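Residue numbers (this note's numbering): 117 to 581. Ideal Cβ placement from N, Cα and C applies to all residues, glycine included. Treat the numbers as computed from the prediction; the structure is a model and nothing was measured.
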């Protein structure tokens, strides 16, 4: 949607976009050839074919030029590294299934896997800079106006100003209200009323018109569109989304009818596949590495107090459906009824071994099994007992929205100190606020950041008891 606003299409842009799409594959093959010949091995064409296909499908720049031109270079580097890691996982999985892991010696594969991302990052940044410089020199600035002044149009105007690479200059706003009534910011300019838009566009050669009138004023929108039929300007409707508390808002269509998602899971399409693949890979690896510790903790729990080793409790999972969550038992009781008392700092129900497990979060280890089952994720909003859910959903607005994703072993709330007993309603409100922010701003890099922070903070959290 943004690309037609950004640039005029041309054959050279098409060529540059095509070059960007195939460049990662060429770089990967060149570095593979260099790694193979360096160690005196034979060049395996079947392996090259697999690498080419994976690179063309998994390591490629965003389809829209606008995303590349307005994104930070650090974001581009992070994107390359993330997709390269996914490619390596896919390559190892294919090698395992086809029993072709020995196509190249380990030293060849490791060298190629470590060195290639450097080449990918350099070429990606270089191609983006070439595209940016070409667009800056090939096309002049395009003029734009806003019909309607509100939070949405003001924010879009600011973002266009902060991103000169989009080559759009905002001439001003048109609205039937006065400057005083609008409380316009100092750097904004009211050019005229809505009745003046068509004349101004024709007299000044405006390229883009953003219509930012409330949907309740649909007749005014229709009248404005009628007035603009005598112009060649591109026209875009900008809904005032800032009046809503949106989560993962995005536009799309259903059988040709445009729709706007206002509250949705971030894990749609390839994002969901990426999330699930990461969960399975990491949780399986952690389980294998910690298996001796798992057995040792289980024995300590069994010998320290009577009762089951694994404590199973009903909690709410994806879409508010009940799931059973596993933990090492840390208390002398196994509560799972209509009322559950939260653990406190000097709780007599906690066993001596249980206190150590809770302090170190080792009691959460069995939840890796929940992750492999597909009931939980490594990162996400922490699941609460059913009794607590039923209590807080009545007290906190938006509480159940946190169940649009799988619950996690750790989450954004936990690494920001919202862990342990929620003695006050404000404590749970803060936790829910972080959970909703996780839904709004999720990226693979956010998951990685949360996992790393969890490792650093797990042994320094004085709220774990």
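Inter-residue distance for residue 261 and residue 379 is about 30 Å (C-alpha atoms, whole angstroms).
The criterion of a C-beta distance shorter than 7 Å is not satisfied by residue 200 and residue 151. In its chain, beyond the 5 residues on either side, 266, 267, 268, 328, 330 have a beta carbon closer than 7 Å to the beta carbon of residue 356.
In the DSSP assignment, residue 306 forms a beta bridge with 289.
Listed in chain order, the beta strand (DSSP E) elements of length 3 or more contained wholly in the segment 220-265 are 258-263. Counting other Cβ atoms within 10 Å of its Cβ, residue 542 stays below 16 and is therefore classed as exposed.
Here residue 394 carries a helix assignment [DSSP, helix/strand/coil]. Contact annotation: residue 447 and residue 470 have beta-carbon atoms nearer than 7 Å. Closest in alpha carbon position to residue 505, among 443, 432, 535, 562, is 432.
Residue 218 has its alpha-carbon roughly 15 Å from the corresponding atom of residue 156. In the displayed model, residue 151 falls within a helix according to three-state DSSP. Linking residue 194 to residue 443 through their CA atoms gives a straight-line distance of about 34 Å.
Nearest to residue 425 by alpha-carbon distance, out of 520, 412, 439, is 412.
Around the CB of residue 479, 16 or more other CB atoms lie within 10 Å, so the residue is classed as buried. Counting only runs that start and end inside the segment 482-518, the beta strand (DSSP E) elements of at least 3 residues fall at 493-495.
Of the candidates 445, 402, 395, the residue whose Cα lies closest to the Cα of residue 418 is 445.
A contact between stretches requires three or more CB pairs, one per stretch, nearer than 8 Å, and the segment 481-496 meets this requirement with the segment 395-411.
In the structure shown, the three-state DSSP call for residue 379 is strand.
When DSSP states are grouped into helix, strand and coil, residue 559 belongs to the coil group. With distances taken between CA atoms, residue 333 lies nearest to 310 out of 310, 316, 532, 324. In this structure, the alpha-carbon of residue 138 lies about 20 Å from that of residue 191. Around the beta carbon of residue 554, 16 or more other beta carbons lie within 10 angstroms, which makes this residue buried. Nearest to residue 489 by C-alpha distance, out of 524, 514, 502, 474, is 524. Looking at the DSSP output, residue 327 bridges to 263, 353. Nearest C-alpha to residue 289 among 235, 168, 300, 236: 300. Annotation: residue 391 to residue 501 spans about 24 Å, alpha carbon to alpha carbon. Among the bridge pairs identified by DSSP, residue 139 is matched with none. A direct Cα-Cα distance of roughly 11 Å separates residue 568 from residue 527. Residue 571 is not a Cβ neighbour of residue 548, given a cutoff of 7 Å. Rounded to whole angstroms, the separation of the alpha carbons of residue 545 and residue 539 is 11 Å.
Under DSSP, residue 526 takes part in a beta bridge, and its partners are 495. For residue 198, the three-state secondary structure derived from DSSP is helix. Rounded to the nearest angstrom, the gap between the Cα atoms of residue 197 and residue 270 is 35 Å. Judged by their CB atoms, residue 235 and residue 159 are not nearer to each other than the 7 Å cut-off. Around residue 348, the same chain offers no residue with a beta carbon nearer than 6 Å, after the five sequence neighbours per side are excluded.
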